[in-house]
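The structure appears below as structure tokens.
There are 2 protein chains.
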Amino acid sequence: MARLMVMYRTPKDAIAFDKHYFETHVPTAKRIPGLRKYEVSRGAVATPAGPSGFHLIATLHFDDLAAIQRAFASAEGQAAAADVRTFATGGADMLLFDSGEV
Amino acid sequence: MARLMVMYRTPKDAIAFDKHYFETHVPTAKRIPGLRKYEVSRGAVATPAGPSGFHLIATLHFDDLAAIQRAFASAEGQAAAADVRTFATGGADMLLFDSGEV
Chain A
1 MARLMVMYRT
11 PKDAIAFDKH
21 YFETHVPTAK
31 RIPGLRKYEV
41 SRGAVATPAG
51 PSGFHLIATL
61 HFDDLAAIQR
71 AFASAEGQAA
81 AADVRTFATG
91 GADMLLFDSG
101 EV
Chain B
1001 MARLMVMYRT
1011 PKDAIAFDKH
1021 YFETHVPTAK
1031 RIPGLRKYEV
1041 SRGAVATPAG
1051 PSGFHLIATL
1061 HFDDLAAIQR
1071 AFASAEGQAA
1081 AADVRTFATG
1091 GADMLLFDSG
1101 EV
């Protein structure tokens, strides 16, 4: 399995962010081809020492890295990426990697 | 479910890091009480634009945030944290959050 993590930094307006994220972005992103599972953080994203500076972390599961590349290239993936630019007012970091259980 | 993500920045010696991580740290961390699932990245951790600066990302799954707090307080958790300080020569960021499927 491969993961695409989208780490949203604290936005200017958290309430507006959440409304857009759950009402618009989730339905948009769920249409991405090859997406197997879509998880999001609930409540605060913390560090052991306190606040993290991240507002929300999304983990999108795909079969492998090639599937993530195809997702980025798809019309649905492009639409989701374009949508991110409209609401991620604090910025967003993306990480992608293969992952396995130990 | 709650997640503890440990994001290891590129270490001074990646080969030594991997040897210690898989031979010593994984068996140590797997003893942490309440740990339900333990996943690690395989191969490079990338961004859409190229290298991420992270060498390895571990995702530890627990039932809830209280279970993560108990894990940190446990002797096994303290041993795992002490071990991290011996091999994470590039530093490590930790994030903890509740997570759910959308």
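Going line by line, the protein sequences match chains A and B.
Take 1 as the starting number for the first sequence in the working numbering and just add one per residue.
Take 1001 as the starting number for the second sequence in the working numbering and just add one per residue.
Using N, Cα and C, we set each Cβ at its ideal position, and we do this for glycine too.
Computed from a prediction, not measured in an experiment: that's the story for all the values here.
Minimum Cα-Cα distance from residue 1040 of chain B among the listed residues B/1094, B/1026 and B/1002 corresponds to B/1026. In the three-state reduction of the DSSP assignment, residue 98 of chain A falls in the strand class, which pools E and B. Around the C-beta of residue 43 of chain A, fewer than 16 other C-beta atoms lie within 10 Å, and the residue is accordingly described as exposed.
When beta bridges are read from the DSSP output, residue 1006 of chain B appears opposite B/1058 and B/1094.
For residue 70 of chain A, the enclosing alpha helix (DSSP H) covers residues 65–73. For residue 26 of chain A, the chain B residues whose C-beta falls within less than 8 Å of its own C-beta are 1102, listed in chain order. Taking a cut-off of 8 Å on C-beta distances, the segment 67–75 of chain A touches the segment 18–36 of chain A, as three or more cross pairs fall below it.
C-alpha of residue 1020 of chain B to C-alpha of residue 1051 of chain B: approximately 23 Å in a straight line.
Beta-bridge pairing by DSSP links residue 1041 of chain B to A/99. Fewer than three pairs of CB atoms, one per stretch, sit closer than 8 Å, so the segment 88–100 of chain A makes no contact with the segment 1069–1087 of chain B.
Assignment of beta-bridge partners to residue 1051 of chain B by DSSP yields B/1046.
With fewer than 16 other beta carbons inside 10 angstroms of its own, residue 1022 of chain B counts as exposed. In the structure shown, residue 32 of chain A falls within a coil segment according to DSSP collapsed to helix, strand and coil.
Shortest Cα-Cα distance from residue 54 of chain A to any of A/1, A/12 and A/81 involves A/12.
When the Cα atoms are used, residue 28 of chain A and residue 83 of chain A turn out to be separated by approximately 8 Å.
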